[in-house]
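Take a look at the structure below.
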Ligand SMILES: [Zn+2]
Ligand SMILES: [Zn+2]
């Protein structure tokens, strides 16, 4: 089952740390009935389509994924453990092979699953509940990890990664307006 994340319209970037912290403190999420069969999860960030053209961008993107994993790990209070089984670098042949339960990558247009990406705008990412575990970002977007970036132009990888990895762990959308799993988080205005 693929889940959606549509175009980021407006996102108050300064709110990001607050939104992340709000999740563990109060149970503002909904668990999908599909769960991982145990609590030891592997994850990997890889580049099977060779979409990164330099090591620095690859490193930054992987770091954001690792931070999102850590946020969920901390919010689970020890109930989940995560092991990084990522390829050693972006040119390693390991990039071509899925090994992890939570498998994170960038792709463009048709990339071999049920839902093609659509170029810039529109769909920016999708993910699957357990035991699927995919987290795919549309490489055609203008991704950023900067608070300074214009949210009308750029999509914040930090927020989308946290949200999509939440789905891959089995979380559904939350109706709570400030929760990271709220499907309309991108339209929260302050
Ligand atoms: Zn996909
Ligand atoms: Zn979602």
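Residue numbers (mature numbering (1 follows the signal peptide of the UniProt record, and there is no 0)): -20 to -1, 1 to 170.
Cβ atoms here follow ideal geometry from the backbone N, Cα and C, with glycine treated the same way.
Sheet register partners of residue i (DSSP bridge)
i	result
residue 135	123
residue 118	87
Whole-number beta carbon distance between residue j and residue i, since they are thought to touch under 8 Å
i	j	result
residue 81	residue 151	Not a contact, Cβ separation roughly 15 Å.
residue 62	residue 53	5 Å
residue 171	residue 144	Examination of residue 171 is not possible in this model, given that the chain is present from -20 through 170 alone.
residue 162	residue 16	Their Cβ separation, rounded to whole angstroms, is 23 Å, which puts residue 162 and residue 16 out of contact at 8 Å.
residue 140	residue 105	5 Å
residue 44	residue 137	5 Å
residue 83	residue 113	6 Å
residue 146	residue 135	Not confirmed; about 17 Å, so no contact.
Closest by C-alpha distance to residue i, when choosing among the options
i	options	result
residue 121	29, 39, 89	89
residue 148	161, 109, 117	109
residue 91	28, 111, 34	28
residue 42	107, 31, 24, 58	24
residue 65	77, 57, 58, 55	77
residue 119	138, 97, 140	97
residue 99	128, 14, 123	123
residue 57	13, 32, 19, 72	19
residue 34	95, 46, 71	71
residue 107	142, 13, 31, 30	142
Residue i burial status per 10 Å Cβ neighbour count (16 or more: buried)
i	result
residue 69	exposed
residue 51	buried
residue 85	buried
residue 59	exposed
residue 67	buried
residue 48	buried
residue 36	exposed
residue 153	buried
residue 87	buried
residue 26	buried
residue 55	buried
CB contact below 8 Å: residue i versus chain C
i	result
residue 161	Of the protein chains in the structure, only one exists, and it is not chain C.
Can you list, in chain order, the stretches of the alpha helix (DSSP H) that have 4 or more residues and sit fully within the segment 58 to 115?
Annotation: the segment 58 to 115 contains no complete segment of the alpha helix (DSSP H) (minimum length 4 residues).
Please list the segments of the beta strand (DSSP E) lying wholly inside the segment 17 to 51, counting only runs of 3 or more residues, in order along the chain.
20 to 25
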